[in-house]
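There are 2 protein chains.
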Amino acid sequence: MPDPPHAVDPVQLGAYFALIEVSGLLRHAIEQQLREAGDLTFVQFQVLMRLDQAAEGSRRMTELADAIVHSRSGLTYQAGRLEKAGLITRTPSPDDERGVTVTITDAGRALIARVLPGHEEVVGRMLFEPLSREDSQKLSDLLLPVRDHMRAAPPRSAAPRRRGAPG
Amino acid sequence: MPDPPHAVDPVQLGAYFALIEVSGLLRHAIEQQLREAGDLTFVQFQVLMRLDQAAEGSRRMTELADAIVHSRSGLTYQAGRLEKAGLITRTPSPDDERGVTVTITDAGRALIARVLPGHEEVVGRMLFEPLSREDSQKLSDLLLPVRDHMRAAPPRSAAPRRRGAPG
DNA sequence: GACCAGTGCTTCGAACTCGAAGCACTGCGG
DNA sequence: CCGCAGTGCTTCGAGTTCGAAGCACTGGTC
Chain A
1 MPDPPHAVDP
11 VQLGAYFALI
21 EVSGLLRHAI
31 EQQLREAGDL
41 TFVQFQVLMR
51 LDQAAEGSRR
61 MTELADAIVH
71 SRSGLTYQAG
81 RLEKAGLITR
91 TPSPDDERGV
101 TVTITDAGRA
111 LIARVLPGHE
121 EVVGRMLFEP
131 LSREDSQKLS
141 DLLLPVRDHM
151 RAAPPRSAAP
161 RRRGAPG
Chain B
1 MPDPPHAVDP
11 VQLGAYFALI
21 EVSGLLRHAI
31 EQQLREAGDL
41 TFVQFQVLMR
51 LDQAAEGSRR
61 MTELADAIVH
71 SRSGLTYQAG
81 RLEKAGLITR
91 TPSPDDERGV
101 TVTITDAGRA
111 LIARVLPGHE
121 EVVGRMLFEP
131 LSREDSQKLS
141 DLLLPVRDHM
151 RAAPPRSAAP
161 RRRGAPG
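Chains as they are written, first to last, in UniProt numbering: chain A, 1 to 167; chain B, 1 to 167.
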């Protein structure tokens, strides 16, 4: 019989396993560094990074949750912690009363600036040391389309809430 | 001044972010499928997979924890769940009374066989659909050395326990 | 203007995670 | 043989995660 539409061959299986392992190991190393350098979790760091990059230093909650691939309730929890630590503020969104706009504070930007060098050092040493400049480019060229492909698929977290039976 | 030893250029930053996003999105999609197909978490699935692949269907606890990049205490917890579900057994290791050998049961193998097709379908669709066969090969060629490089670095989980002040 | 499905965020409870501390055993030095 | 640092796993407590349910508001229809 013919192969199923998306069968996974041994090479792909190896790539898949390596991807999972690499991201796990990398994440673990990063968490160590962030904890020591600024008492931040990786999720918190990612939130601050996204805000730091954003126009006005602001984003909506849902936007952030999607960007860092985290549940909405989990983001609410972490936003609470970050707000308590004075690293972000939460204000009602001007154009939509339901929405909450999260904004990074000066203290938040300062903390990012403080931990970023060590962060980059870890990423450089763990992830890019065995890769040439060309390799890095190739890796980026491979992963960006995959990311876009995954993002294009309807995210489960945004699935419509079912009221009755779905079928 | 010269660049620091492991500075991260914009291309690398993009690759790094894409890697984190891709692994997060992939993991999320996989968790959905595993939950629906066999009421397994991704960690549990990985444990069973590693055991299924292993000689005799057996591995030591520490080996497993390292392989799937999970804390030892977390693995103890999950091993408890899997044992209760009849998917693995835990026995004292013959050559080292301290050690615990984990073995997959027939039920465990059956469960893996049951969820694997759907799992591969998800991985194929999410991760490999936008990649040619050649791309997949390239991705594997890039990630495997990175994995080996990360593994070569002393894993934090295996760091010697400090008894007094470290320095 | 009143309805009402849809959306944005938070609350809630249960489950899972981690590191530190603890216990049991190993294997080397004397 | 005994002591003792080192290792393998589990226990423990605190913190974090998720999805489901709940609340508040929006934007369409009539």
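Don't be surprised by glycine CBs; every beta carbon is placed ideally from N, CA and C.
Per DSSP, the continuous alpha helix (DSSP H) segment holding arginine 151 (chain B) begins and ends at 133-152.
Contact fails between the region 25-38 of chain B and the region 64-78 of chain B, because fewer than three Cβ pairs, one in each stretch, are under 8 Å apart. Of the residues assessed, lysine 138 (chain B) falls on the buried side of the cut-off, its CB having 16 or more other CB atoms within 10 angstroms.
In the displayed model, valine 47 (chain A) falls within a helix according to three-state DSSP. The alpha carbon of alanine 85 (chain A) has as its nearest neighbour, out of A:Ala18, A:Glu134 and A:Ile104, the alpha carbon of A:Ile104. Residue environment for glutamine 53 (chain A): exposed (fewer than 16 other C-beta atoms within 10 angstroms of its C-beta). For tyrosine 16 (chain B), a Cβ of chain A is located within less than 7 Å of the residue's own Cβ. As DSSP reads the structure, arginine 59 (chain A) sits in a beta bridge with A:Val102. The Cβ-Cβ distance between phenylalanine 42 (chain B) and glutamine 12 (chain A) does not fall below 7 Å. Under the Cβ criterion of 7 Å, serine 71 (chain B) is not counted among the residues facing chain A.
In chain order, Met61 place their CB closer than 8 Å to the CB of threonine 76 (chain B), counting only its own chain and leaving out the 5 sequence neighbours on each side. In chain order, Leu142 make up the part of chain B whose C-beta sits under 8 Å from the C-beta of aspartate 135 (chain A). For serine 132 (chain A), no CB of chain B lies under 7 Å from its own CB, so it is not counted at the interface with that chain. When 7 Å is used as the limit between beta carbons, valine 11 (chain A) is near these residues of chain B: Ser136, Gln137 and Ser140, in chain order. Distances from the CA of alanine 15 (chain B) to each of A:Arg59, A:Val22, A:Gly14 and A:Pro10 were compared; the closest alpha carbon is that of A:Val22. Taking all protein chains in view, the Cβ of serine 132 (chain B) is surrounded by fewer than 16 other Cβ atoms within 10 Å, so the residue is classified as exposed.
Proximity of glycine 80 (chain B) to chain A, defined by a Cβ-Cβ separation below 7 Å, is not satisfied. Rounded to whole angstroms, the Cβ separation of arginine 90 (chain B) and alanine 79 (chain B) is 6 Å, and the two are in contact under 8 Å.
Against chain B, a Cβ distance below 7 Å from leucine 127 (chain A) picks out Tyr16 and Val146.
Excluding residues up to 5 positions away in sequence, Arg60 and Ser93 lie with their Cβ nearer than 6 Å to the Cβ of glycine 99 (chain B) in the same chain.
Per DSSP, the unbroken alpha helix (DSSP H) holding threonine 76 (chain B) starts and ends at 72-84.
Taken through DSSP and simplified to helix, strand or coil, proline 10 (chain A) comes out as helix. The three-state secondary structure of proline 92 (chain B), taken from DSSP, is strand.
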